[in-house]
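**Student:**
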Amino acid sequence: MLPYFLILPLWLLAAVGLPLVQSLHALQAKSEDRKTWLFYWICFAIASTVLCYFEWVIQIPFYVLAFYVDLYYEAQLLLVLWLVFPKFLGIKQVQAHLESNATALGKKGLELAREHAVKAREVVLEFKKKYT
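Its first residue numbered 1, the sequence shown is counted upward by one per residue in the UniProt record's numbering.
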């Protein structure tokens with residue numbers, strides 16, 4: 001278990017510093033990694049927003065472990081290191097998985113959007129009919 005005063009600087013270096021350097025390097029070299037690092041920053045923004053509101057849900061399993069040893073922030077740090085460390089670069093695996101399943105996810109999302117659009121159209125037409 002790392003002391004808390006070390007976790008924040010390590011997390012900032014791993015989650016922001018290292019990806020920032022790699023993103024700038026990919027932009028200067030105009031390599032294909034630009035797409036990967038753009039994907040990382042989009043995921044970073046989404047994860048930051050989700051964690052802001054729902055971190056308590058993710059922490060529930062770690063509360064049980066906290067009676068023995070507090071590992072939540074260490075697990076978070078390890079996940080970020082797995083995503084961005086050049087030896088592992090887990091963000092590429094996540095990106096490849098999402099790209100390979102994009103058609104199935106896109107079809108489901110499109111069907112759901114159509115269903116909601118039909119319902120919204122019916123509500124608007126009913127409202128128009130009622131007040132016209």
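Positions of the beta carbon are idealized from the N, C-alpha and C atoms, including for glycine.
Excluding five sequence neighbours on each side, which residues of the same chain lie with their C-beta closer than 7 Å to the C-beta of residue 37?
**Tutor:** Cβ within range, chain order: 19, 22, 23 and 26.
**Student:** Quick check on DSSP: helix, strand or coil for residue 33?
**Tutor:** Residue 33 falls in the helix class under three-state DSSP.
**Student:** Compare the beta carbon distance of residue 14 and residue 77 with 8 Å and say whether it is the shorter of the two.
**Tutor:** Yes, the Cβ-Cβ distance between residue 14 and residue 77 is below 8 Å.
**Student:** Under the assumption that residue 65 contacts residue 71 (Cβ atoms under 8 Å), give the Cβ distance between them as a whole number of angstroms.
**Tutor:** About 6 Å; that satisfies the 8 Å criterion.
**Student:** When the Cα atoms are used, what is the spatial distance from residue 87 to residue 33?
**Tutor:** Cα-Cα distance, rounded: 14 Å.
**Student:** Under 8 Å Cβ to Cβ from residue 134, same chain only, skipping five residues before and after it: list those, please.
**Tutor:** In the structure displayed, the chain extends from 1 to 132; residue 134 sits before or after that span and is not available.
**Student:** Please classify residue 62: does DSSP put it in a helix, a strand, or coil?
**Tutor:** Residue 62 falls in the helix class under three-state DSSP.
**Student:** For residue 7, which residues from the same chain have a beta carbon less than 7 Å from its beta carbon, with the 5 sequence-adjacent residues on both sides left out?
**Tutor:** Answer for residue 7: 73 and 77, listed in chain order.
**Student:** Does the beta-carbon distance from residue 95 to residue 39 come in below 8 Å?
**Tutor:** Result yes, Cβ atoms of residue 95 and residue 39 sit closer than 8 Å.
**Student:** Just how far apart, CA to CA, sit residue 112 and residue 2?
**Tutor:** Between residue 112 and residue 2, the C-alpha separation is close to 45 Å.
**Student:** Do you know how far the Cα of residue 16 is from the Cα of residue 41?
**Tutor:** Going by the C-alpha atoms only, they are around 9 Å apart.
**Student:** State buried or exposed for residue 83, treating a residue as buried only when at least 16 other CB atoms are found within 10 Å of its CB.
**Tutor:** Looking at its Cβ environment, which holds 16 or more other Cβ atoms inside 10 Å, residue 83 is buried.
**Student:** Report the three-state DSSP secondary structure of residue 44 (helix, strand or coil).
**Tutor:** Residue 44: helix per DSSP, three-state reduction.
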